[in-house]
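**Student:**
In this note's numbering, the protein residues as written are 85 to 460.
Written out as structure tokens, the structure is:
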């Protein structure tokens with residue numbers, strides 16, 4: 085077995101890479117990033133046409149760090165030359181950060197077992213049988229690789245958004261898109277741009293004028309603008325209050341699918357409907373579910389430093405972190421937690437914590453803006 089590490093981070097996406105870079109700024113130096121596929125694997129699996137909904141801009145020198153950056157001294161906009169980078173470009177940015185900070189990566193190496201040793205250390209076993217021991221473990225496996233395929237009977241008959249390599253690969257025909265938020269709008273707009281006709285079925289209208297100001301639970305301005313333009317396309321039909329309750333295959337000799345809503349409406353689809361209703365609640369944290377206590381709404385209960393409430397030395401970073409009423413599902417949100425996690429790990433290892441908050445400035449109180457309102 086390899087020598088015991090101070091910290092192992094599982095996941096080489098923005099959460100894992102950003103947390104690793106933050107730890108590099110601390111007294112922790114013996115760390116390893118492990119990923120089951122490759123650096124930025126989820127982004128490399130995005131549909132080819134998908135772009136970041138949060139804009140990137142090299143504003144770092146003026147005190148406003150690029151919204152999609154995982155370190156305070158880098159910028160995806162500067163790296164990619166794009167305001168809304170695609171998945172491949174962003175994965176390249178993450179690789180560049182790891183190289184700049186000289187952070188070792190073990191990939192591909194899928195963690196198939198995590199065990200707590202009597203010493204309090206964690207023992208990780210990979211699919212090849214390699215065993216890795218660490219004093220502190222950071223779980224950062226995100227959500228994109230954990231699509232929700234169980235929302236209703238027949239959901240498995242659909243094409244999930246996460247399975248699409250390119251919208252150009254789909255039939256140039258009529259399609260049904262189930263969902264109404266970011267991935268559904270992205271699917272609908274890209275299909276329309278490819279010449280297809282689209283029926284979008286949504287339970288709500290997150291693009292309404294009375295929208296909620298928190299972009300974690302409402303449609304982003306980028307998607308709202310794209311959808312507004314698409315609404316003028318005669319090939320787009322939007323059906324609101326469509327609470328889909330099932331998808332089934334049509335009986336022979338008919339070919340296709342039937343999508344049913346709870347109010348009795350139904351839509352026929354010649355091709356598998358596109359399922360754009362999101363990802364599994366709890367995301368990658370469900371891989372090690374017994375190591376966390378869970379809230380009633382399906383998210384890990386965490387300490388104020390984003391640690392497991394059950395086992396010291398285990399931390400969660402990324403889009404499934406919840407503190408008070410705050411949802412940290414965007415990079416610019418969850419990166420604010422990196423200094424707190426790094427400080428907690430340093431204390432766990434008996435190392436100094438001075439200066440860890442400086443790179444990201446002061447971390448906002450978790451109970452700020454409880455009504456997600458603002459003066460404007």
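Ideal Cβ placement from N, Cα and C applies to all residues, glycine included.
Here's a check: name, in chain order, each residue in its chain whose Cβ is nearer than 6 Å to the Cβ of residue 344, leaving out the five neighbours to either side.
**Tutor:** Around residue 344: 329, 330, 350.
**Student:** Since residue 403 and residue 106 should fall inside the 8 Å C-beta cutoff, what is the C-beta to C-beta distance between them, to a whole number of angstroms?
**Tutor:** Their Cβ separation, rounded to whole angstroms, is 17 Å, which puts residue 403 and residue 106 out of contact at 8 Å.
**Student:** Please list the terminal residues of the continuous alpha helix (DSSP H) segment that includes residue 259.
**Tutor:** Unbroken run through residue 259 is the beta strand (DSSP E), 258–262; no alpha helix (DSSP H).
**Student:** Here's the rule: buried if 16 or more other CB atoms are within 10 angstroms of the residue's CB, otherwise exposed. What is residue 131?
**Tutor:** Answer is buried; the Cβ neighbour count reaches 16.
**Student:** Just to confirm, are residue 210 and residue 216 a CB contact at a threshold of 9 Å?
**Tutor:** Yes. Within cutoff.
**Student:** Using alpha carbons as the reference points, say which of 139, 86, 129 lies closest to residue 116.
**Tutor:** Closest by alpha carbon: 86.
**Student:** In three-state DSSP terms, what is residue 316?
**Tutor:** It is coil, neither helix nor strand.
**Student:** Assuming residue 303 contacts residue 269 under a Cβ cut-off of 8 Å, what Cβ separation, rounded to an integer in Å, is found between them?
**Tutor:** That pair is a contact at about 7 Å.
**Student:** Checking the sheet assignment: what are the DSSP bridge partners for residue 351?
**Tutor:** Partner(s): 343.
**Student:** Looking only at C-alpha atoms, which of 94, 92, 110, 431 sits nearest to residue 439?
**Tutor:** Minimum Cα distance to residue 439 is reached at 110.
**Student:** Near residue 490, what residues of its chain come up, given a Cβ to Cβ distance below 7 Å and the 5 sequence neighbours on each side ignored?
**Tutor:** Residue numbering for the chain in the displayed model covers 85 to 460; residue 490 lies beyond these limits and cannot be assessed.
**Student:** I'd like to check one pair, residue 134 with residue 415: are the Cβ atoms closer than 9 Å?
**Tutor:** Contact: no.
**Student:** I believe residue 121 touches residue 192 by the beta-carbon criterion, under 8 Å. Please report the beta-carbon distance rounded to the nearest angstrom.
**Tutor:** Going by Cβ atoms, the distance from residue 121 to residue 192 rounds to 5 Å, so yes, they are a contact pair.
**Student:** Mind checking who residue 106 pairs with in its DSSP beta bridge?
**Tutor:** None, per the DSSP bridge assignment.
**Student:** Taking the beta carbon of residue 310 as the centre, do at least 16 other beta carbons fall within 10 Å, making it buried, or is it exposed?
**Tutor:** Per the 10 Å Cβ criterion, buried.
**Student:** Can you give me the C-alpha to C-alpha distance between residue 387 and residue 208, rounded to a whole angstrom?
**Tutor:** Those two C-alpha atoms are separated by around 23 Å.
**Student:** Quick check: the Cα distance between residue 523 and residue 169, rounded to an integer number of angstroms?
**Tutor:** The requested residue 523 does not occur in the structure, where the chain is confined to residues 85 to 460.
**Student:** What do you reckon, are the CB atoms on residue 359 and residue 243 nearer than 9 Å?
**Tutor:** Result yes, Cβ atoms of residue 359 and residue 243 sit closer than 9 Å.
**Student:** If you draw a straight line from the alpha carbon of residue 412 to that of residue 366, how long is it in whole angstroms?
**Tutor:** Going by the C-alpha atoms only, they are around 12 Å apart.
**Student:** Would you decide whether residue 451 is buried or exposed? Buried here means 16 or more other CB atoms lie within 10 Å of its CB.
**Tutor:** Its pLDDT being 45, under 50, residue 451 is placed unreliably by the model, and nothing is read from it.
**Student:** With 16 as the cutoff for other CB atoms within 10 Å, does residue 95 come out buried or exposed?
**Tutor:** So residue 95 ends up on the buried side.
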